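First up is the structure itself, then whatever we jot down about it.
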Amino acid sequence: MSTTTDDVRNLMVERQVRARGVKDARVLDAMRETPRERFVPSRLNDLAYEDAPLPIEEGQTISQPYVVGLMLEAARIKATDRVLEIGAGSGYAAAVMALLAKEVVAIERFPSLVSLAQARLEAINRTNVTVRQGDGTLGAADRAPFDAIIVSAGAPEVPPSLLAQLALGGRLVIPVGHDVRSQELIVIEKSGEHRFDRRSLGHVQFVPLVGTEGWASDGAAVAVRRAPLDLRLGTRDRAKIARMVADACEPFGDVRHAPLDALLARIGQARVVLIGESTHGTSEFYRLRARITAALIARAGFKVVGIEADWPDTAAVDRMVRKRPASPLREPMYARFPTWMWRNEEMQEFVSWLAHRNDTLEPAARAGIHGLDVYGLNNSIGAVIDYLARVDPFAAEQARERYACFSPWERDPVTWGRAATVGLTPTCEQEAVATLKSLLEERLRYSRDDDDAFFDAARAATVVGEAEKYYRAMYRSSRDSWNIRDRHMFETLMALLEHRGSDTRAVIWAHNSHVGNAAATEMGSHGEINLGQLVRERFGNQAYLIGFGTDQGTVAAASNWDTPMEVKEIRPSHEDSYERILHEACRMLPAPTNAFFLPLKSAHAPAVRTELIHPRLERAIGVVYRPETELVSHYFEANLPAQFDEFIWVDRTTAVRPTNLPPTGEYESAAARTAAGIESIPDTYPFGL
Ligand code: SAH
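First residue of the sequence shown: 51, per my numbering; consecutive thereafter.
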């Protein structure tokens with residue numbers, strides 16, 4: 051072992067563990083003497099001393115060093131103790147315990163992890179540890195009682211078997227929570243034959259404890275979430291609530307013909323309308339959303355359409371629809387995963403409609419389309435430099451030099467974020483900030499000739515700065531990166547409203563998870579904010595938040611990030627979900643009805659709102675859909691009427707229709723236009739207003 055590794059490890063123990071309040075000298079020493087890098091997959095060696103849990107084999111995690119220290123201190127392990135660990139995982143925590151106790155029994159569910167942990171422990175001579183395969187929720191009766199039991203996975207309740215295997219005076223340290231993804235770390239001490247004292251060490255996040263006395267498994271190594279009691283009781287009233295929904299909703303047969311008048315009346319004078327979607331690949335959502343948007347533009351004067359897409363790519367679409375001079379992109383438009391989100395027939399129809407409609411209008415009256423998202427680093431860098439090259443070649447050179455900071459990584463910002471976070475490469479924060487600042491300082495000079503072009507470039511420079519922060523935060527915490535992203539969307543919206551004039555009205559397209567008020571969902575309790583919440587806080591009743599949902603059908607989604615799009619079957623909704631209620635409501639309507647609008651504001655539907663206000667599960671399908679693990683990976687708890695002002699339900703849905711063509715860009719070519727079927731689309735289709 052090199053000195054440097056020792057140094058890094060000592061620093062880790064000092065800064066991450068001791069500085070946060072773990073004082074037990076034996077625990078700190080044992081951590082100093084245990085090479086954590088030997089317990090992570092080799093590709094993560096560089097990150098072994100990060101202040102974070104890390105992924106290990108079988109989709110499990112090695113705990114954050116601080117949490118290991120905290121648990122072991124709380125367990126007060128003596129040199130004569132016999133200790134049981136449930137969830138050996140990498141074997142790291144067991145290796146530390148081996149130095150604290152006389153002997154350690156560690157149980158692990160996955161056979162492959164058992165062998166890995168055994169090999170890793172042997173390699174560093176921790177011979178007083180036995181790793182065995184099995185269901186740890188039942189403990190190890192043959193070796194009981196234990197002076198300390200450490201559970202390294204999150205349990206729904208304290209497994210009675212483990213309590214029974216504690217010696218008198220023994221300590222059980224265990225994360226417990228009804229939410230499969232978040233727990234309270236609890237210490238239970240057996241202070242008398244039938245007496246247990248209990249205290250909490252705070253909030254933690256562990257992978258689920260799957261077993262007889264833990265979370266149930268569906269046979270595919272997946273933890274099935276048991277709904278909390280109040281949710282389960284709610285199931286009883288489902289038929290009654292579904293009936294109320296059926297009475298309150300406005301049914302329609304087909305998204306092409308859904309009447310929009312009543313919805314537009316409810317939207318009224320709202321300045322910002324947010325339209326969500328519960329998947330990123332459902333044709334009906336795209337089509338109805340486009341029709342609503344077209345109606346808002348044509349009948350209510352909306353001038354800004356903001357979408358969950360990259361700024362520079364969407365700026366190219368905007369230049370086309372608002373008849374502004376084109377400007378090349380470094381990378382092809384919407385070519386980044388997930389391409390089907392914006393390269394699809396539904397989007398082409400809308401863009402084509404918007405372009406035609408703007409034909410006859412004055413520039414100031416034309417509605418534009420803009421990307422709100424924080425991705426698209428490379429095209430944004432290109433947009434800033436190209437713009438400056440036109441208006442100020444000297445400044446372009448300076449920007450090129452500053453942005454060179456990103457150049458080794460432009461195509462792989464995720465890896466860059468990780469490397470910058472651990473100090474393997476410098477951050478590019480100053481360079482990004484300085485470029486934006488120089489640009490803004492020249493605002494008056496630059497924007498004289500073409501204010502729109504200046505605005506585009508300034509937003510692109512903002513994206514570079516925010517993306518820089520985003521990719522670094524992504525590695526640190528998913529909450530921080532999420533919040534950076536949604537704040538950026540909000541700031542972009544505000545900038546657009548200001549740019550287009552004070553009375554501008556905007557419609558936003560993004561996933562339900564960005565659009566529905568996060569404070570009304572599980573996200574809020576994890577400290578996540580979102581665009582919908584920020585808009586609600588800023589605009590109050592002048593914001594109208596709409597969600598879309600479905601029960602089953604097909605959806606365009608990938609199995610993993612960056613893998614090809616597939617058309618997947620959506621599983622029928624879960625019985626504890628809002629979706630199930632809306633599905634049942636649909637079946638109570640006079641046939642044949644596949645869809646409805648459901649107003650949720652108390653002014654429009656007081657009774658339904660009151661019934662639906664009790665939290666339930668809600669499904670979110672993103673660009674990745676994993677039906678096999680649906681309950682854990684796609685459902686979260688929400689309070690629907692607090693999340694949205696209106697919900698649009700399409701019971702059975704079909705996948706969006708991807709094309710190889712971007713929605714514009716190839717418009718110059720008649721052949722491409724014909725290939726995209728654009729010329730065959732009548733002006734008003736499918737938005738006959
Ligand atoms: N202490 C580990 C943390 C591993 S994560 C370390 O330092 O690396 C939790 C582990 O618990 C996972 O490997 C998971 O497979 C395991 N696990 C979950 N349920 C279990 C059960 N019922 N019995 C044994 N192991 C279980």
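Here a beta-carbon is modelled for each residue, glycine too, at the ideal position from N, C-alpha and C.
Predicted, not measured: the structure shown is a model, and the values here were computed from it.
| Item | Value |
| --- | --- |
| Proximity below 8 Å, CB of Gly-597 to CB of Gln-693 | yes |
| Presumed contact (8 Å Cβ cut-off) between Val-164 and Leu-324, rounded CB distance | 49 Å between Cβ atoms; not a contact. |
| Inter-residue Cα distance where the pair is Leu-411 and Leu-404 | 11 Å |
| Thr-180: CB within 7 Å of a non-hydrogen atom of the ligand SAH | no |
| Chain-order list of residues whose beta-carbon lies under 6 Å from that of Asp-733 (same chain, five-residue window excluded) | With a pLDDT of 34 at Asp-733, under the threshold of 50, the modelled position of this residue cannot be trusted, and the question is left open. |
| Leu-259 Cβ short of 7 Å to the ligand FAD heavy atom set | You won't find the ligand FAD in this model; what it holds is the ligand SAH. |
| Inter-residue CB distance, Gly-326 and Ala-560 (contact presumed, cutoff 8 Å) | 6 Å |
| Ser-652 CB to nearest heavy atom of the ligand SAH below 7 Å | no |
| Length-filtered (4 minimum) alpha helix (DSSP H) runs lying within the segment 397-483 | 427-441, 443-453, 463-471 |
| Any non-hydrogen atom of the ligand SAH closer than 7 Å to Glu-207 Cβ | no |
| Nearest-angstrom Cα separation, counted from Leu-338 out to Ala-688 | 24 Å |
| The ligand SAH heavy atom lying under 7 Å from the CB of Asp-185 | yes |
| Segment contact, 8 Å Cβ cut-off, at least three pairs: the segment 669-681 with the segment 601-613 | yes |
| Euclidean distance between Cα positions of Gly-284 and Glu-668 | Reliability fails at Gly-284, whose pLDDT of 48 lies under 50, so the model's placement of it is uncertain and no value is given. |
| heavy atom of the ligand SAH below 7 Å from Phe-540 C-beta | no |
| Burial state of Gly-204, where buried means 16 or more other Cβ atoms lie within 10 Å | buried |
| Cβ pair Ser-333, Glu-396 closer than 8 Å | yes |
| Arg-126 and Val-155 closer than 8 Å at C-beta | no |
| Any non-hydrogen atom of the ligand SAH closer than 7 Å to Ala-125 Cβ | no |
| Euclidean distance between Cα positions of Leu-281 and Gly-242 | Interpretation of Leu-281 is limited by its pLDDT of 44, a score under 50 that renders its predicted location unreliable; no figure is taken from the coordinates. |
| Close beta carbons around Ala-144, own chain, < 6 Å, minus the five adjacent residues each side | Glu-135, Ala-138, Val-154, Ala-156, Val-179 |
| Leu-690 beta carbon less than 8 Å from that of Tyr-628 | yes |
| Start and end residues, alpha helix (DSSP H) containing His-633 | 628-638 |
| Among Asn-60, Arg-369, Gln-114, the one whose alpha carbon lies nearest that of Glu-83 | Asn-60 |
| Under 8 Å between C-beta atoms of Ser-140 and Arg-170 | yes |
| Coarse secondary structure for Gln-319, derived from DSSP in three states | coil |
| Ser-430 classed as buried or exposed, judged by whether at least 16 other C-beta atoms fall within 10 angstroms | buried |
| Ile-157: CB within 7 Å of a non-hydrogen atom of the ligand SAH | yes |
| Coil, strand or helix - Ala-720 by DSSP | For Ala-720, the predicted model reports a pLDDT of 43, less than 50, meaning its position is unreliable; a value from the coordinates is still stated below. Reduced to three states, the DSSP call for Ala-720 is helix. |
| Cβ neighbours of Thr-389 in the same chain (closer than 8 Å, five flanking residues each side left out) | Met-615, Pro-708 |
| Secondary structure of Tyr-685, DSSP reduced to three states | strand |
| beta-carbon Leu-163 near the ligand SAH non-hydrogen atom, thresh 7 Å | yes |
| Phe-302: CB within 7 Å of a non-hydrogen atom of the ligand SAH | no |
| C-beta neighbour in chain B for Lys-240, strict 8 Å | This model lacks chain B altogether, as it is built from one protein chain only. |
| C-alpha gap between Cys-299 and Ile-558, whole angstroms | 23 Å |
| beta-carbon Gly-138 near the ligand SAH non-hydrogen atom, thresh 7 Å | Looking at the sequence itself, residue 138 is Ala, so the reference to Gly does not match. Result yes, Cβ under 7 Å from the ligand SAH. |
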